[in-house]
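Residue numbers (the working numbering): 693 to 1264.
Data first, discussion second: the structure below is written as structure tokens.
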């Protein structure tokens, strides 16, 4: 049976990317005063040709005044003299015009790092945001496509002599025109390699392993929709879970030079299948990703796999309460703060509380009437010493109340104590000790703030919120800190989300039933609730039902006061 090689302009083929025949390319060439913008060289001429499907859409050409003398050997090479550029526009005028000409296209250049490097450097000097073009380098492409017996090298003049009637002459527009012909000739060769899209070209010209390139079919048929993707091995075990606004495009990127992580290369070598879960909103996708990582514990996901390792501080509920380091939150009258991301952070916060308050530090329960000898901490005045009856129940209860307020409401007493101690240490020029004390306090204050935020949402039986979306309103139902339902409601349901009773009520019929967890623990993964909190606090979100309010940032103001928020902040 004869094999049929589809043409690039075949409209019935779904190429799974941006087809080369339907993509606009901007082929650009520059002339400059030297070889590197970092060494002071400047652009003297810009030439560009915009093409799509073999048709020329437009040309761009201008000399550029470099505000410096053009070296003689450059003039000999290009023919551009100081007199020619003296009245030419400067790059500050030329670059915006060029970027507008090239907008929405894929940049092409011969030895692209040179030309694109000059353009990006100029944009940086002018404070212009570089658009982040995709770039095709015809020199690199020629090395992959052409054989040595066809051309001795991949210089533009050599390639143009074989593929173009235009002879390069080191003038920008002429060289760009020659590069257009070279580009089209190379594209014609790519059909035999199965390369038909811009994404394929990126993969073809990268250092992607043959194994990665062979498995690009795993992205075939995936939806162009937001959601979660799961790479699986031959046994169906989940290797990696990720999220994207475009599942198909994101999965395809694993088989191109866009993916440079060594571990992901290992994962792709093992992967045999990709499953997807389409989600209504970005927040739902993020939540489902976290849940799937927690369920499957994929070996190639570095984060969120072991939430049970998080640490909490617990002010115990017993006759003589103490602060203990625990991994679980329990029902009852105990006060908890956390979770801490590491035991070290939890121990630092514990040390800060013990330094500020004279609550007992010994382990184990004490009877209502203890009768054992006092410890060294009591002798040093750092403990009220309930073990030997040196303190009354009332006085100890008062001290416990101070600790509870610092943990659950406002650590202002800890901060006041900290300021006093740090001032004393600074007077003694013990600056490193003062910094250690400050760092310990940061762990405590951050945990108090985190607990307050989690508790503010965890205690709410139901919160329904909405935010504007390009297709209407994105609506989330949250119960005890857990995402119970998500949907996009169309604009024509009602003008405001508060009036979308029918749409919301329909959504509620599919919402998950959620039981509350011991406070301040949410009925969800900590990261899930914090993702929901970030969305609730984002601009444009409004309440539909429920009474949740972002907690007053008592702890946050202390972080700002000591200028430690910037030093210790973690990425959202």
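The beta-carbon is built from N, C-alpha and C at its ideal position, and this holds for glycine as well.
Predicted model only: the values in this text are computed from it and were never measured.
Endpoints, the beta strand (DSSP E) within which residue i is located
i            : result
residue 936  : 930 to 936
residue 717  : 716 to 724
residue 896  : It is not in any beta strand (DSSP E) - residue 896 instead sits in the alpha helix (DSSP H) that spans 890 to 896.
residue 829  : 827 to 829
residue 947  : Taken as a continuous stretch (DSSP letters only), residue 947 belongs to no beta strand (DSSP E), as it is neither H nor E.
residue 968  : 965 to 970
residue 739  : 735 to 744
residue 732  : First-last for residue 732: undefined, no H or E at that position.
residue 1234 : 1234 to 1237
residue 920  : 919 to 924
Status (buried if at least 16 other CB within 10 Å, exposed otherwise) for residue i
i            : result
residue 1027 : buried
residue 792  : exposed
residue 1156 : buried
residue 845  : exposed
residue 1037 : buried
residue 1188 : Residue placement at residue 1188 is poorly supported in this model, since its pLDDT is 48, which falls under 50; the coordinates still yield a value, given next. Residue 1188 comes out exposed.
residue 961  : exposed
residue 739  : buried
residue 1049 : buried
residue 665  : Any question about residue 665 goes unanswered here, given that the chain covers just 693 to 1264.
residue 766  : buried
residue 1085 : exposed
residue 1126 : buried
residue 871  : buried
residue 759  : exposed
residue 1195 : buried
residue 1108 : exposed
residue 1142 : buried
Own chain partners of residue i with C-beta closer than 7 Å, once the 5 adjacent residues on each side are dropped
i            : result
residue 812  : 822
residue 1113 : 1129
residue 1031 : 1002, 1003, 1004 and 1218
residue 1160 : 1232
residue 815  : 787 and 822
residue 709  : 889, 890, 891, 892 and 944
residue 1010 : 1057
residue 976  : 1175 and 1178
residue 733  : 724, 725, 726 and 727
residue 926  : 964
residue 831  : 802, 803 and 846
residue 905  : 895 and 947
residue 1022 : 1210
Assumed close pair residue i, residue j - CB separation to whole angstroms, cut-off 8 Å
i            : j            : result
residue 1124 : residue 1174 : That pair is no contact at about 44 Å.
residue 850  : residue 843  : 5 Å
residue 1214 : residue 1172 : 6 Å
residue 770  : residue 863  : 7 Å
residue 1088 : residue 1078 : 5 Å
residue 1139 : residue 1029 : 5 Å
First through last residue of the alpha helix (DSSP H) which encompasses residue i
i            : result
residue 1228 : 1218 to 1228
residue 1181 : Run containing residue 1181: none in the alpha helix (DSSP H); it sits in the beta strand (DSSP E), 1174 to 1181.
residue 873  : 864 to 882
residue 854  : 848 to 855
6 Å CB neighbourhood of residue i in its chain, flanking five on each side removed
i            : result
residue 757  : 777, 780 and 782
residue 794  : 718
residue 1191 : Note that residue 1191 has pLDDT 47, beneath the 50 cutoff, so the model's placement of it is unreliable and no number is given.
residue 735  : 722, 724, 756, 783 and 810
residue 873  : 855 and 856
residue 908  : 947
residue 1163 : 1180
residue 706  : At residue 706, the pLDDT of 41 sits below 50, so the modelled position is not reliable; the number obtained from the coordinates is stated separately. Closer than 6 Å at Cβ, skipping near neighbours: no residue.
Cβ neighbours of residue i in the same chain (closer than 8 Å, five flanking residues each side left out)
i            : result
residue 1034 : 1003
residue 924  : 930, 931, 963, 964, 965, 966 and 967
residue 1045 : 1005, 1015, 1051, 1095, 1098, 1099, 1106 and 1136
residue 1223 : 975, 978, 979 and 982
residue 750  : 741, 742 and 793
residue 1062 : 1012, 1078, 1079, 1080 and 1081
Beta carbon proximity, residue i to chain D, threshold 8 Å
i            : result
residue 1039 : Looking for chain D here will not work: only one protein chain is present.
Residue i CB to nearest heavy atom of the ligand NAD below 7 Å
i            : result
residue 1217 : Among the components modelled here there is no ligand, and therefore nothing to report on the ligand NAD.
Length at least 3, wholly inside the region 989 to 1059: the beta strand (DSSP E) runs in chain order: 1003 to 1007, 1015 to 1018 and 1027 to 1032
Alpha helix (DSSP H) runs wholly inside the region 1083 to 1168, at least 4 long, in chain order: 1085 to 1100, 1104 to 1119 and 1123 to 1150
If we require 3 or more residues per run, which beta strand (DSSP E) segments fall completely within the region 746 to 813? 747 to 755 and 798 to 801
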